[in-house]
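Chemist:
There are 2 protein chains.
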Amino acid sequence: MDNLNQEREHLSVIDRYCENCNEETILKMANILKILGEPSRMKIVLALSYGELCVDHIVKCVNLSQSSVSHQLRILKDNQIIKFRKEKQNVIYYLYDDHIMEIINLVREHVEE
Amino acid sequence: MDNLNQEREHLSVIDRYCENCNEETILKMANILKILGEPSRMKIVLALSYGELCVDHIVKCVNLSQSSVSHQLRILKDNQIIKFRKEKQNVIYYLYDDHIMEIINLVREHVEE
DNA sequence: TGTAAATATGAACAAGCGTTCATATAATAA
DNA sequence: TTATTATATGAACGCTTGTTCATATTTACA
Numbered sequence: 001m002d003n004l005n006q007e008r009e010h011l012s013v014i015d016r017y018c019e020n021c022n023e024e025t026i027l028k029m030a031n032i033l034k035i036l037g038e039p040s041r042m043k044i045v046l047a048l049s050y051g052e053l054c055v056d057h058i059v060k061c062v063n064l065s066q067s068s069v070s071h072q073l074r075i076l077k078d079n080q081i082i083k084f085r086k087e088k089q090n091v092i093y094y095l096y097d098d099h100i101m102e103i104i105n106l107v108r109e110h111v112e113e
Numbered sequence: 001m002d003n004l005n006q007e008r009e010h011l012s013v014i015d016r017y018c019e020n021c022n023e024e025t026i027l028k029m030a031n032i033l034k035i036l037g038e039p040s041r042m043k044i045v046l047a048l049s050y051g052e053l054c055v056d057h058i059v060k061c062v063n064l065s066q067s068s069v070s071h072q073l074r075i076l077k078d079n080q081i082i083k084f085r086k087e088k089q090n091v092i093y094y095l096y097d098d099h100i101m102e103i104i105n106l107v108r109e110h111v112e113e
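Chains A and B are the protein sequences, given in the same order.
Using this note's numbering, the letters of the first sequence map in sequence onto residues 1 to 113.
Using this note's numbering, the letters of the second sequence map in sequence onto residues 1 to 113.
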C-alpha cells in the first residue's frame, strides 16, 4: 500500500473513532473494567459467579479480611456489578446480571489459551 | 429456604470456587481487565478497533501527549493487547487478536444499555 | 554526513486506591 | 435490655501508576 492510501486509511479510522466513541462512553467502559480488574474484586465476583453468598462466606472463600471484603463489596455494589438482599442477620450478595458473567467468561477463555 | 439448606448451598459455591479458580488464573484475568480499564489505554484500543494506526495518528486521534501514548503503547504491547510492525519511519500498531475486540464489544453493550 | 521527523525511554511527581486498624451500626438471641 | 454475631465505615498509610519533561534513538532524506 502506498503512502497516500495508507494515510487515507488511517484518516478513515480516526473518523470512525471520533464518530462512534464519545468520551462518556469510553469512561464508562474503562470504569467497569477497572472495577473488575483488581484481584480482590475479581475473586469476589468469581466466587459469586458460582452462586450467591453472605459476607461471612465470601470472606472465608476469598481469604481476605472482613473489612477489606466489605469495602470491595461496596465498590462492586456502587458500580452495579453485584446486588444484595438482607435475610435475617445476613446480607447476601449476588451478581447484578448476566453481562458480568459473559465478560468474566470471555476473559477466562482469553487467559486459558 | 431454611438455614441448613442455605448453608449447604453456600458451601458448595465455595467448593466450586476453590476447585475452579486458582490464584494464577485470577491474577491473569484481573490483569487484562486492569490494562484495558484505564481511559487512555481504552481510547487507544478503541481507536485501533477501527483499524491499524501509526503512533502519530494515534496521538492525534486520542488527544494525548506523544509521550503518554508511547508509554501506554508499551504497556499494551507488553500485555499482548496490541502488536506492531515497522514500516518506513513509522511504527504501526494494531490489535493483538479478536478476543480483545470481543471483550470490548461486550463491555460496550453493557455500557450502552 | 547532517538535519528533521517519528518514536521510545527514564526520572520524578502527584493522584488514586487497597489494606489495615479501630470502631460503629444492625439484628438476633438470651 | 444486654450480649453476641454480622456487616459497614472512616481515617491513615503505603504502594502503584499515569503524566510530564527532558532526552535518547531510529530512520529517511537532502
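Here a beta-carbon is modelled for each residue, glycine too, at the ideal position from N, C-alpha and C.
Count Cβ pairs between the stretch 49 to 64 of chain A and the stretch 11 to 21 of chain A that sit closer than 8 Å; are there 3 or more?
Modeler: No, the stretch 49 to 64 of chain A does not touch the stretch 11 to 21 of chain A.
Chemist: Taking only beta carbons into account, state which residues of the stretch 82 to 105 of chain A come closer than 7 Å to chain B, listed in chain order.
Modeler: So the close ones are His99, Glu102 and Ile103.
Chemist: Any idea what DSSP makes of isoleucine 81 of chain B, helix, strand or coil?
Modeler: Looking at isoleucine 81 of chain B - three-state DSSP - the assignment turns out to be coil, as it is neither helix nor strand.
Chemist: I believe histidine 110 of chain A touches histidine 110 of chain B by the beta-carbon criterion, under 8 Å. Please report the beta-carbon distance rounded to the nearest angstrom.
Modeler: Between histidine 110 of chain B and histidine 110 of chain A the Cβ distance is about 17 Å, and since that is not below 8 Å, they are no contact.
Chemist: Terminal residues of the continuous alpha helix (DSSP H) containing leucine 106 of chain B?
Modeler: Leucine 106 of chain B -> alpha helix (DSSP H) spans 98 to 112.
Chemist: Would leucine 64 of chain B pass as a contact of isoleucine 104 of chain B if the rule is Cβ separation under 8 Å?
Modeler: Taking 8 Å as the Cβ cut-off, leucine 64 of chain B and isoleucine 104 of chain B do not qualify as a contacting pair.
Chemist: Let me check one thing: in DSSP terms, what residues is cysteine 54 of chain B bridge-paired to?
Modeler: In DSSP, cysteine 54 of chain B forms a bridge with B:Ile92.
Chemist: Are the C-beta atoms of isoleucine 14 of chain A and some chain B residue less than 8 Å apart?
Modeler: With 8 Å as the cut-off, isoleucine 14 of chain A counts as an interface residue toward chain B.
Chemist: Give me the residue from A:Lys83, A:Ser12 and A:Glu87 with the minimum Cα distance to aspartate 2 of chain B.
Modeler: The residue with the shortest Cα to Cα distance from aspartate 2 of chain B is A:Glu87.
Chemist: Determine the direct distance from the alpha carbon of isoleucine 35 of chain A to that of leucine 27 of chain B, and round the result to whole angstroms.
Modeler: Each residue's Cα considered, the two are about 14 Å apart.
Chemist: Go through its chain and collect everything with a Cβ distance to serine 70 of chain B's Cβ below 8 Å, but skip five positions before and after it.
Modeler: Only Val55 meet the Cβ criterion.
Chemist: Please name the residue, chosen from B:Leu33, B:Lys43 and B:Asp97, that lies closest to proline 39 of chain A on a Cα-to-Cα basis.
Modeler: Residue B:Leu33 is the option with its Cα nearest to proline 39 of chain A.
Chemist: Taking the C-alpha atoms as reference points, what is the distance between glutamine 66 of chain A and tyrosine 50 of chain B?
Modeler: Distance between the alpha carbons of glutamine 66 of chain A and tyrosine 50 of chain B is about 44 Å.
Chemist: Quick one, which of A:Glu24, A:Val62 and A:Arg85 has its alpha-carbon nearest methionine 162 of chain A's?
Modeler: The displayed coordinates of chain A run from 1 to 113. Any statement about residue 162 of chain A would go beyond what the structure contains.
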